[in-house]
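S.K.: First to last, the protein sequences are chains A and B. If you want the numbering used here, it's the 1-based position in the first sequence plus 621. If you want the numbering used here, it's the 1-based position in the second sequence plus 23. Even glycine gets a Cβ: it sits at the ideal position worked out from N, Cα and C.
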Amino acid sequence: MTALANSPSSRQPITFAFLAQVILIANSFIMLYPVVVMVLSAFKTTGEIFEHPFALPDFTQVGNFAKVLGETSMPTYFVNSIIVTGISIILILVLGTMAGYAVARYESRTNTFILLFFLAGLMLPLKLAVIPLFILLRDLNLLDSRWSLIVTYTAIGLPSAVFIMAGFLRSLPAELEDAARIDGASEPRIMWSVMLPLARPPMAIAAIQNAVPIWNDFFFPLVFIQTDAYKTLPQGLTTFMGEYTTDWGMLFAGLTIAAAPITLLYIALSRQFIQGMTAGAVK
Amino acid sequence: MAQVSIRDVRKSFGSVSIIKGVDIDIQDGEFVILVGPSGCGKSTLLRMIAGLEDITGGEIRIGPRVVNDVPPKDRDIAMVFQSYALYPHMTVAENMGFSLKLKGVPQAEQKKRVGDAAASLGLTPLLDRYPRQLSGGQRQRVAMGRAIVRDPQVFLFDEPLSNLDAKLRVQMRAEIKELHQRLKTTTIYVTHDQIEAMTMADKIVVMHDGTVEQIGAPLELYDRPANRFVAGFIGSPAMNFIDGRLEQGGLILPGGAVLPVEAQVPAAPGSKLTYGIRPEHLHIAPAGTPGSIPATVAVVEPTGADTTLIVKAEGGSLTAVLRERCALRPGEAVTLKPAAHQAHLFDGQGRRVAAA
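#1: Using the Cα positions of leucine 341(B) and tyrosine 245(B), report the straight-line distance between them to the nearest angstrom.
#2: Are the CB atoms of glutamine 105(B) and proline 183(B) within a distance shorter than 8 Å?
#3: Using the C-alpha atoms, what's the distance from valine 323(B) back to proline 317(B)?
#4: Can you find the residues in the same chain that come closer than 8 Å, C-beta to C-beta, to valine 235(B), ignoring five residues on each side of it along the sequence?
#5: In angstroms with no decimal places, state the Cα-to-Cα distance between proline 794(A) and alanine 108(B).
#6: Which ranges does the alpha helix (DSSP H) cover as unbroken runs of at least 4 residues, wholly within the region 794–835 of chain A, from first to last along the chain?
#7: Residue range of the beta strand (DSSP E) that lysine 295(B) falls in?
#8: When you check each C-beta in the region 115–141 of chain B against every C-beta of chain A, which residues fall closer than 7 Å?
#9: Quick one: what does DSSP say lysine 904(A) is sitting in, helix, strand or coil?
#10: With distance defined between alpha-carbon atoms, name the residue in Pro111(B), Glu76(B), Gly81(B) and Val103(B) nearest to proline 94(B).
#11: Would glutamine 856(A) be called buried (16 or more neighbouring beta carbons within 10 Å of its own) or exposed?
#12: Which runs of the beta strand (DSSP E) at least 3 residues long sit entirely within the region 259–291 of chain B? Give them in chain order.
#13: Starting from the Cα of tyrosine 110(B), find the closest Cα among Ser769(A), Pro818(A), Gly721(A) and Phe839(A) and give me that residue.
#14: Could you tell me the distance, in whole angstroms, from the CA atom of tyrosine 887(A) to the CA atom of alanine 825(A)?
#15: Name the residue from Ser694(A), Thr667(A) and Leu661(A) whose alpha carbon lies nearest to the alpha carbon of tyrosine 851(A).
#16: If you measure beta-carbon to beta-carbon, which residues of the region 222–249 of chain B are closer than 8 Å to chain A?
#17: For threonine 623(A), name the three-state secondary structure that DSSP assigns.
#18: Any beta carbon from chain B within less than 8 Å of alanine 725(A)'s own beta carbon?
#19: Run the CB neighbour count on threonine 718(A), radius 10 Å, all protein chains shown included, and call it buried at 16 or more, exposed below.
#20: Would you call the region 163–180 of chain B and the region 95–104 of chain B in contact, with 3 or more CB pairs under 8 Å?
#21: Just to check, is the beta-carbon of proline 882(A) closer than 7 Å to a non-hydrogen atom of the ligand MN?
#22: List, in chain order, every chain B residue whose beta-carbon is nearer than 7 Å to that of alanine 743(A).
#23: How should glutamate 347(B) be labelled, buried or exposed, when 16 other C-beta atoms within 10 angstroms of its C-beta is the threshold for buried?
#24: Let me check understanding here. Comparing Cα to Cα, which of Gly258(B), Ile275(B) and Pro260(B) lies closest to aspartate 266(B)?
#25: If you measure beta-carbon to beta-carbon, which residues of the region 792–811 of chain A are closer than 8 Å to chain B?
#26: Applying a beta-carbon distance threshold of less than 7 Å, which residues of chain A neighbour alanine 25(B)?
#27: Since proline 818(A) meets chain B, which of its residues come closer than 9 Å, beta carbon to beta carbon?
#28: What does DSSP give as the partner residues of isoleucine 895(A) in its beta bridges?
#29: Hey, could you find the ends of the beta strand (DSSP E) proline 361(B) is sitting in?
#30: Given that lysine 96(B) touches chain A, what residues does it touch there, using C-beta distances under 9 Å?
#31: Along chain A, which residues have their Cβ under 8 Å away from the Cβ of phenylalanine 104(B)?
#32: To the nearest angstrom, how far is the alpha carbon of asparagine 186(B) from that of leucine 736(A)?
#33: Can you name, in chain order, every residue of its own chain whose Cβ lies under 7 Å from the Cβ of leucine 146(B), other than the five neighbours on each side?
#34: Closest by CA to leucine 359(B), which one among Ala328(B), Pro353(B) and His304(B)?
Given below as structure tokens:
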């Protein structure tokens, strides 16, 4: 790149790169602005938010957070969100990886059919089936419980997880498996000790790709959950918006707390995520 | 250490027959090389011995035991793969010790055996590295170390040198051979490179199209090839073949030259035979010498040690390797005379019928 930039014939690329930088910076600004405003507003009272919307707040003033955590059901929602998202992701990863492994590594006539069956799930928006789903969950006595959300999210997440895992596992060399088989590893052992350690990047993709929408989902909790004790964050936060007045400071504090875990998870996994996205691009 | 015996072994995928009845006997401690062009079934046969492919028919014994239905881990074999197949997420030591760990060998003994194998291969300073931090030759050595650690009855090598550059290949060739001389473990080695086969093997099995063409010691195959395929496959540059007609007094070539043949060729006069002569058995002779082939020089390739001469003759081009330097130029006329008693005659089916 530097060699290119120094040569006289490379004026064009520099201008292009400059333009790209401007666009990217503008884009980051647009993306980050609401997040920054949310965090800043979380430290202000409702009055301050409307008086000085862009002013830096006094960061020692954590009254909103104290109120949200102490006086509302926010901690319950938070725990519910963690339980629902956590168990859903674990189920998606365990089942998706096993199904993907079987589809990718074992030769069978039914493999293509099974993969296509999972892919069909990708093309079907489950929200369309919310009424039969509601009836099904009612008949299973799962309605108004965390399990109603967990089974639904797992079903939604599995197709993409199987697709991602199968695609990646198929690209691993078969000789590795043969070597492990000769070394004396059983089939589960080959999967566990040899293949899965290599499959961390696609697992991170499957995890993040599913965790963000599950964590943020408002639709299914709204339909399935009535009891306050089982509500998740997005649904719970709406209770902060009153019919006549809204404590904006508190709402922003709640939103900040709600957004934090998934943001941290994304940052933690982003390296693996990017690695997985670009896997195979460069040898 | 053990004998390996392969009896009428067959393999087919659906209706496609890959291995069509192969018999090979491998003695205890022998270094046997399966060689043949790609697609001849040699790797498949090796994978069948390893237990990675099912056996459609026949019987494979390792030692006294029929292993047809024994899973790979219980066959007491170790295999080195073409891609080395090192576990990328394990260190060299973990790679080498993986089989011992699975077998439940006590940790102290694992460590000792891995250490011994590493020391014998010069890998001791690399034990804590990951495969990605190693060069090609080092990875190759780790793959061999992983096999040695298990102290198996049989070593299987599947084209282990084909990913290395030419210089390293020669070096590793010597290392593998030295390793075999030290451990004396029965070894079955697959390659498509006939030089590897000639230099390393106690016994070569030449395969072609799912069948065994010939089994023998390297020089035996070189000196007395059983058929035209083996004659053409073993030796570099490859043997020259000239089609001719058997008559009283010799073999008549397309250009009218007459090459002398042995008196008792078991073929009727007038039958079509192929005359095979190795490049190093063609010598330059004065024009008009009886029993020689007139030709025109096409290419001269001096390699320093010898000179390869490609000439155009009536009935095709011939290759000659001359020990002495020569001042020939392309386009010049040259006369080549086959050395006495070094030629081979093949019949219409490619079978060797006689020497000439």
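M.R.: Considering the structure as presented:
#1: 19 Å
#2: yes
#3: 17 Å
#4: Val45, Asp46, Ile47, Val228 and Val229
#5: Put simply, the backbone Cα of proline 794(A) is about 8 Å away from that of alanine 108(B).
#6: 795–804
#7: 295–300
#8: Phe121, Ser122, Leu125 and Lys126
#9: In this prediction, lysine 904(A) scores a pLDDT of 32, lower than 50, which makes its location untrustworthy; no coordinate-derived value is stated.
#10: Glu76(B)
#11: buried
#12: 263–270 and 273–275
#13: Proximity to tyrosine 110(B) across Ser769(A), Pro818(A), Gly721(A) and Phe839(A) peaks at Pro818(A), based on C-alpha coordinates.
#14: 9 Å
#15: Ser694(A)
#16: When CB distances to chain A are screened at a threshold of 8 Å, not a single residue of the region 222–249 of chain B falls below it.
#17: Any answer about threonine 623(A) is weak, because its pLDDT of 44 lies below 50 and its placement is not dependable; what the coordinates show is given next. The answer is helix: DSSP assigns threonine 623(A) an H, G or I state.
#18: At a cut-off of 8 Å between beta-carbon atoms, alanine 725(A) makes no contact with chain B.
#19: buried
#20: yes
#21: You won't find the ligand MN in this model; it holds no ligand whatsoever.
#22: Checking the sequence shown, residue 743(A) turns out to be leucine, not alanine. None at all; the shortest Cβ gap to chain B is about 30 Å.
#23: For glutamate 347(B), the number of other beta carbons within 10 angstroms of its own is below 16, and it is reported as exposed.
#24: Ile275(B)
#25: Pro794, Glu796, Leu797, Asp799, Ala800, Ala801, Arg802, Ile803, Asp804, Gly805, Ala806 and Arg810
#26: Listed by position along chain A, the residues whose Cβ is nearer than 7 Å to that of alanine 25(B) form an empty set, because the closest Cβ is around 16 Å away.
#27: Tyr110, Pro111, His112 and Met113
#28: Paired residues: none, contrary to the question.
#29: 356–361
#30: Arg802, Ile803, Asp804, Gly805, Ala806 and Ser807
#31: Glu796, Asp799 and Ala800
#32: 34 Å
#33: Val115, Arg164, Val165 and Gly168
#34: Looking at the Cα atoms, His304(B) is the closest of the given residues.
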